[in-house]
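K.L.:
All residue numbers for the sequence shown refer to the working numbering, where the first residue is 25 and numbers rise by one.
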Amino acid sequence: MRAIVYDRYGGVDRLRLAHVPVPTPGSTEVLIQVAATSINLSDWEGLHGSPAYARFGGLTRPHRKILGSDIAGRVVAVGADVTRWRIGDEVYGDTMPRLGGFAEYAVVPASALAEVPAGLALIEASTIPQAGAIALQAVARAKPGERMLLNGGGGGTGMFAIQLARAAGIHVTAVDNADKLAFMRELGADDVLDYRARDFTTTGPYDLIVDLVAARSVFAYRRALAPGGRYWMVGGTGRTILRVLTLGTLVGALSGRRIGVMAVRQGPEHFSPLAQRVIDGDVSVRIDRAFPLDEVAAALTHHGEGRALGKVVITPQGA
Ligand SMILES: NC(=O)c1ccc[n+]([C@@H]2O[C@H](COP(=O)([O-])OP(=O)(O)OC[C@H]3O[C@@H](n4cnc5c(N)ncnc54)[C@H](OP(=O)(O)O)[C@@H]3O)[C@@H](O)[C@H]2O)c1
Numbered sequence: 025m026r027a028i029v030y031d032r033y034g035g036v037d038r039l040r041l042a043h044v045p046v047p048t049p050g051s052t053e054v055l056i057q058v059a060a061t062s063i064n065l066s067d068w069e070g071l072h073g074s075p076a077y078a079r080f081g082g083l084t085r086p087h088r089k090i091l092g093s094d095i096a097g098r099v100v101a102v103g104a105d106v107t108r109w110r111i112g113d114e115v116y117g118d119t120m121p122r123l124g125g126f127a128e129y130a131v132v133p134a135s136a137l138a139e140v141p142a143g144l145a146l147i148e149a150s151t152i153p154q155a156g157a158i159a160l161q162a163v164a165r166a167k168p169g170e171r172m173l174l175n176g177g178g179g180g181t182g183m184f185a186i187q188l189a190r191a192a193g194i195h196v197t198a199v200d201n202a203d204k205l206a207f208m209r210e211l212g213a214d215d216v217l218d219y220r221a222r223d224f225t226t227t228g229p230y231d232l233i234v235d236l237v238a239a240r241s242v243f244a245y246r247r248a249l250a251p252g253g254r255y256w257m258v259g260g261t262g263r264t265i266l267r268v269l270t271l272g273t274l275v276g277a278l279s280g281r282r283i284g285v286m287a288v289r290q291g292p293e294h295f296s297p298l299a300q301r302v303i304d305g306d307v308s309v310r311i312d313r314a315f316p317l318d319e320v321a322a323a324l325t326h327h328g329e330g331r332a333l334g335k336v337v338i339t340p341q342g343a
């Protein structure tokens, strides 16, 4: 099969198209013919091996040679102990930490998958697992009427989180680069901030801050929180994680606030409720662009350049 592989951490020049054997599913796994794999920031992080947590399982070289975690496709083979899925089923899920979505076929644990519901296209389904699970769990931490700030709100997770928060009656301030401000307003953000022009920690105060790209000091986060407010780091620099887990916990406790890292629960029960919201018309999926398999490097560059309005998706079988 064709796959985009890499052997060393670095830029998109490390990626190459290769012909590799179709993987064989283990007894509790299924083999998927991949129709679509959406790009997440975690793919970029896995390519670069940065932040440090992206090297989990491969300190000096990537353990998994094929990136791509949010996949949708058809089941073409099942392991001996799999009873949930049959050949031909349309499924989607997050293959993290196994990865393998930037390929024509991928092996996935049967338990990581959900059935693609009627009314949802495979390409749309591929946008949901990782970003959807984060968005649902982040927004569930705010109550109606509260003020929530979403840092990095113009990306894949933000696309869902802004819409979910707005529908729940939460006041949303979304932060991203200037090219994404109109997009975030269109999704339902009440206020928007350009991170290159404004430090969000000097605004507020907020009841909930969800940070997808954390890189500031815990004192700055503390400053932006209302009494009883919560700051949750979802992604960001390795240094910031360490600070948040140590000093952040202390500063939060001493000031009547909470500052912590959000461990996102993954799996079908955590993302499939979002598919239903999409089918019901409460939440829309925005796909900025689809790229063929041999253009994964261009797709990652497009995502990384900060101009994508919505998800960027790879379609390994072609359009
Ligand atoms: N905690 C967990 O259990 C868990 C689980 C899964 C994933 N994650 C993490 O969750 C995050 C999910 O991100 P995603 O896939 O939604 O990312 P994404 O689609 O890349 O969106 C991130 C957005 O943040 C913007 N941004 C970059 N630097 C910024 C800054 N300094 N201030 C404000 N915005 C900034 C980006 O814009 P530009 O284009 O301008 O850079 C982009 O629009 C990742 O960090 C991933 O590692 C965490």
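Cβ coordinates follow ideal geometry from the N, Cα and C atoms, glycine included.
Measure the CB-CB distance between G70 and P49 and report whether it falls below 8 Å.
P.N.:
Their beta carbons are not under 8 Å apart, which means G70 does not touch P49 by this criterion.
K.L.:
Tell me, to the nearest whole angstrom, how far the beta carbon of L217 is from that of F224; I am working on the premise that it is less than 8 Å.
P.N.:
Their Cβ separation, rounded to whole angstroms, is 5 Å, which keeps L217 and F224 in contact under 8 Å.
K.L.:
Please say whether V99 and V115 have beta carbons closer to each other than 8 Å?
P.N.:
Yes, Cβ-Cβ distance for V115 and V99 is below 8 Å.
K.L.:
From the DSSP output, read off the bridge partner residues of N64.
P.N.:
For N64, which the question treats as bridged, DSSP gives no partner whatsoever.
K.L.:
Hey, is the region 114-134 in contact with the region 264-277, meaning 3+ C-beta pairs nearer than 8 Å?
P.N.:
Verdict: no, contact absent.
K.L.:
When you compare only the Cα positions, how much space is there between A321 and A189?
P.N.:
So the two alpha carbons sit approximately 33 Å from each other.
K.L.:
Just to confirm the assignment: which complete alpha helix (DSSP H) runs, minimum length 4, are found wholly within the region 103-153?
P.N.:
The region 103-153 contains these whole alpha helix (DSSP H) runs: 146-149.
K.L.:
Is any non-hydrogen atom of ligand 1 found closer than 7 Å to the C-beta of V46, if you look at the structure I gave you?
P.N.:
No, ligand 1 has no heavy atom inside 7 Å of this Cβ.
K.L.:
Can we say the region 147-163 touches the region 70-79, given the rule of at least three CB pairs closer than 8 Å?
P.N.:
Result no; under three Cβ-Cβ pairs closer than 8 Å.
K.L.:
Taking the beta strand (DSSP E) that G252 belongs to, which residues open and close that run?
P.N.:
From DSSP, the beta strand (DSSP E) with G252 extends over L249 to M257.
K.L.:
Taking 7 Å as the line, does the beta carbon of V132 fall inside it for any heavy atom of ligand 1?
P.N.:
V132 Cβ: outside cutoff for every heavy atom of ligand 1.
K.L.:
Closest to I63 by CA distance: which of V54, G92, V46 and P75 is it?
P.N.:
Looking at the Cα atoms, G92 is the closest of the given residues.
K.L.:
Is E210 helix, strand or coil by DSSP?
P.N.:
Helix, per DSSP.
K.L.:
Can you say whether K167 is buried or exposed, counting buried as having 16 or more other CB atoms within 10 angstroms of its CB?
P.N.:
Exposed.
K.L.:
Output the distance between the C-alpha atoms of G177 and Q300, rounded to the nearest integer angstrom.
P.N.:
Approximately 22 Å between the Cα atoms of the pair.
K.L.:
Mapping the DSSP letters down to three states, classify P297 as helix, strand or coil.
P.N.:
P297 falls in the helix class under three-state DSSP.
K.L.:
Work out the CA separation of V307 and R209 for me, nearest whole Å.
P.N.:
One C-alpha to the other measures close to 14 Å.
K.L.:
Which first and last residues belong to the beta strand (DSSP E) in which V199 is found?
P.N.:
H195 to D200 is the span of the beta strand (DSSP E), which, as asked, contains V199.
K.L.:
Have a look at V337 and V258 and give me their C-alpha separation to the nearest angstrom.
P.N.:
In a straight line, the C-alpha of V337 is about 22 Å away from that of V258.
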